Amino acid sequence: MSSLKFLIFFSSTNSPRLAVHRYHTRAAARARQTGKMVSITDVDIDVATATQRKHWSGAATIECVTVRGNQRLDAAVNPTLSGIDQLIDNL
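The sequence shown lines up with residues 1411 to 1501 when you count with our numbering.
Have a look at this one:
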């Protein structure tokens, strides 16, 4: 089975940390509700390595990305909380 990842890309100089925390918390709760084993990672693009950035589209705001194995599946920029649920559901 491929690993499931939920990545939250943000800029520590431009993104509100409260929003990043809210997205992280919602994704974790939805993964638990659906019984999915999802690795949820916050990625600060200001200090991330090229390897960490490889699934990032370059959006200048918070971007949530789902990955299965090494393949980017879906993404949303500044998603609503129901949008986060949908991203997790689609994994």
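Yeah, the Cβ is synthetic: ideal placement off N, Cα and C, and Gly gets one too.
If you're wondering where the values come from, they're calculated on a predicted model, not measured in any experiment.
Asked: Since D1495 and R1440 should fall inside the 8 angstroms C-beta cutoff, what is the C-beta to C-beta distance between them, to a whole number of angstroms?; Found: 5 angstroms
Asked: Apart from the five residues on each side of it in sequence, which residues of its chain come closer than 6 angstroms, Cβ to Cβ, to N1488?; Found: T1471, I1472
Asked: Residues in the same chain with beta-carbon distance under 7 angstroms from M1502, minus the five sequence neighbours each way, listed in chain order, please.; Found: The structure shown does not extend to residue 1502, since the chain is modelled only from 1411 to 1501, so the question has no answer here.
Asked: Quick test of your reading: L1497 and C1474, contact by CB under 8 angstroms. State the CB separation rounded to the nearest angstrom.; Found: 6 angstroms
Asked: What's the call for H1465, buried or exposed, on a 16-neighbour Cβ count within 10 Å?; Found: buried
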